[in-house]
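Novice: Residue numbers for the sequence shown follow the UniProt record's numbering, beginning at 1 and rising by one. Just so it is clear, CB atoms sit at the ideal spot from N, CA and C, and this is done for glycine as well. Can you read through this structure? Questions will come right after.
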Amino acid sequence: MNRLTLYILIILTTSWAATVSGYIKDNKTNKSIPNANIIIRETGQGTASNPYGYFLINLPRGIYTLETSVIGFKTDSREVIVGENNIELNIQLQTAILEFSEIQVQGLFSTRLGYEFVDVINSDKIKSMDKESVPDVLKNIPGIDVQFAQPNGRNVNVSIRGSSDYKPGGYNNRVLILLDGFPILIPNSG
Numbered sequence: 001m002n003r004l005t006l007y008i009l010i011i012l013t014t015s016w017a018a019t020v021s022g023y024i025k026d027n028k029t030n031k032s033i034p035n036a037n038i039i040i041r042e043t044g045q046g047t048a049s050n051p052y053g054y055f056l057i058n059l060p061r062g063i064y065t066l067e068t069s070v071i072g073f074k075t076d077s078r079e080v081i082v083g084e085n086n087i088e089l090n091i092q093l094q095t096a097i098l099e100f101s102e103i104q105v106q107g108l109f110s111t112r113l114g115y116e117f118v119d120v121i122n123s124d125k126i127k128s129m130d131k132e133s134v135p136d137v138l139k140n141i142p143g144i145d146v147q148f149a150q151p152n153g154r155n156v157n158v159s160i161r162g163s164s165d166y167k168p169g170g171y172n173n174r175v176l177i178l179l180d181g182f183p184i185l186i187p188n189s190g
């Protein structure tokens, strides 16, 4: 039984003759290249380099073509003769410029410039208007539509070019009204 175990152990250790390992680096910066693909062309076996650019493949004796590739670099192809000793490689990859065919971009709509309008009313101007509430002040600004749902000034809706401060279930949909730098959540609260 011991002879059989020893015989199997010898066969297993000699079937993998050596390991091929090494580092993959950029030839210009000498920085490690992670996730590079290392493929043995004859067997289809492969691996990827770790975050430090290191890889390791166990191979039986023979002559193999080792292809190293990663996006943005030229593919490196080299012949490796695997014998009894481990092989340590330092593979330097050259950067490659990715070229694509011409791309044509067409627009379906004409270009429009969006102009923003901001109107700041200071306290002196508000005092000179002699108005009682925020909606009364806002009614005098061009482009603003103030609608009262009730005659006593409750449930006010402020609209600027169709965008309203009212949305179902609450206020302040798109129009921001500030009083002394603080937002007014209900326009008639000022």
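(1) Straight-line CA distance for Lys31 to Leu89?
(2) Taking the Cβ atom as the reference point for each residue, do Val82 and Ala36 lie within a distance shorter than 8 Å?
(3) Can you tell me where the alpha helix (DSSP H) with Asp124 in it begins and where it stops?
(4) For residue 194 versus Lys74, is the C-beta distance shorter than 8 Å?
(5) Let me confirm a value: Ser101 is counted as buried when at least 16 other C-beta atoms fall within 10 Å, else exposed. Which label applies?
(6) Between Tyr64 and Glu42, how many whole angstroms is the CB-CB distance? I'm expecting something under 8 Å.
(7) Less than 8 Å between the beta carbons of Leu179 and Val158, yes or no?
(8) Would a C-beta distance cut-off of 8 Å place Pro135 and Val120 closer than the cut-off?
(9) For Pro135, does the three-state DSSP call read helix, strand or coil?
(10) Shortest alpha-carbon distance to Pro51 belongs to which of Ser128, Ser133 and Ile33?
(11) Are Gly62 and Leu98 touching if we call contact CB-CB under 8 Å?
(12) For Ser49 and Leu93, what's the separation of their Cα atoms in angstroms?
(13) Quick check on the DSSP output: the beta strand (DSSP E) that includes Leu108 runs from which residue to which?
(14) If we ignore side chains and look at the alpha-carbon of each, how far apart do Leu59 and Val20 end up?
(15) Take the Cβ of Val105 as the centre, count every other Cβ of all protein chains shown within 10 Å, and call the residue buried at 16 or more, exposed below.
(16) Roughly how many whole angstroms lie between the Cα atoms of Val70 and Asn27?
(17) Would you mind sorting Phe55 into buried or exposed? The rule is 16 or more other CB atoms within 10 Å of its CB.
(18) Mind listing, in chain order, the continuous beta strand (DSSP E) runs of no fewer than 3 residues lying wholly within the stretch 62-106?
(19) Go ahead and pull the three-state DSSP assignment for Ala17.
(20) Ile57 and Thr47 look like a contact to me (Cβ under 8 Å); what is the Cβ gap, rounded to whole Å?
Specialist: Reading off the structure:
(1) Indexing the sequence shown from 1 puts residue 31 at position 31. Indexing the sequence shown from 1 puts residue 89 at position 89. Cα-Cα distance, rounded: 15 Å.
(2) Taking the sequence shown and counting its residues from 1, one reaches residue 82 at position 82. Taking the sequence shown and counting its residues from 1, one reaches residue 36 at position 36. Against a cut-off of 8 Å, the Cβ pair of Ala36 and Val82 comes out as no contact.
(3) The residue labelled residue 124 in the question sits at position 124 within the sequence shown. Run containing Asp124: Ser123 to Met129, per the alpha helix (DSSP H) assignment.
(4) Shown here, the chain extends from 1 to 190; a query on residue 194 therefore has no answer.
(5) By 1-based counting over the sequence shown, the position of residue 101 is 101. The residue in question, Ser101, is exposed, as its Cβ has fewer than 16 Cβ neighbours within 10 Å.
(6) Position 64 of the sequence shown, counted from the first residue, corresponds to residue 64. Position 42 of the sequence shown, counted from the first residue, corresponds to residue 42. Their Cβ separation, rounded to whole angstroms, is 5 Å, which keeps Tyr64 and Glu42 in contact under 8 Å.
(7) By 1-based counting over the sequence shown, the position of residue 179 is 179. By 1-based counting over the sequence shown, the position of residue 158 is 158. Cβ distance not < 8 Å, so Leu179 and Val158 don't count as in contact.
(8) Within the sequence shown, numbered from 1, the residue matching residue 135 stands at position 135. Within the sequence shown, numbered from 1, the residue matching residue 120 stands at position 120. Not a contact, by the Cβ cut-off of 8 Å.
(9) Here residue 135 is taken as the residue at index 135 of the sequence shown, counted from 1. Three-state result, Pro135: helix.
(10) Sequence index remark: in the sequence shown, residue 51 carries index 51 (1-based). The option with the nearest alpha carbon to Pro51 is Ile33.
(11) On the sequence shown, residue 62 is found 62 positions in, with the first residue counted as 1. On the sequence shown, residue 98 is found 98 positions in, with the first residue counted as 1. In this structure, Leu98 does not lie closer than 8 Å to Gly62 by Cβ.
(12) Against the sequence shown, residue 49 aligns to sequence position 49. Against the sequence shown, residue 93 aligns to sequence position 93. Near 13 Å, if we compare the C-alpha coordinates of Leu93 and Ser49.
(13) Residue numbering aside, residue 108 sits at position 108 when the sequence shown is read from its first letter. Neither: Leu108 is in no beta strand (DSSP E) and is coded neither H nor E.
(14) The residue given as residue 59 occupies position 59 in the sequence shown. The residue given as residue 20 occupies position 20 in the sequence shown. Between Leu59 and Val20, the C-alpha separation is close to 7 Å.
(15) Walking along the sequence shown from the start, residue 105 turns up at place 105. So Val105 counts as exposed.
(16) For the purposes of this step, residue 70 is taken as the residue at position 70 of the sequence shown. For the purposes of this step, residue 27 is taken as the residue at position 27 of the sequence shown. When rounded, the distance between both Cα atoms is 13 Å.
(17) Within the sequence shown, residue 55 is the residue found at index 55, counting from 1. Looking at its Cβ environment, which holds 16 or more other Cβ atoms inside 10 Å, Phe55 is buried.
(18) 62-69, 76-82 and 87-93
(19) For the purposes of this step, residue 17 is taken as the residue at position 17 of the sequence shown. Reduced to three states, the DSSP call for Ala17 is coil.
(20) Numbered from 1 along the sequence shown, position 57 holds the residue referred to as residue 57. Numbered from 1 along the sequence shown, position 47 holds the residue referred to as residue 47. The Cβ separation is near 5 Å, so the contact holds.
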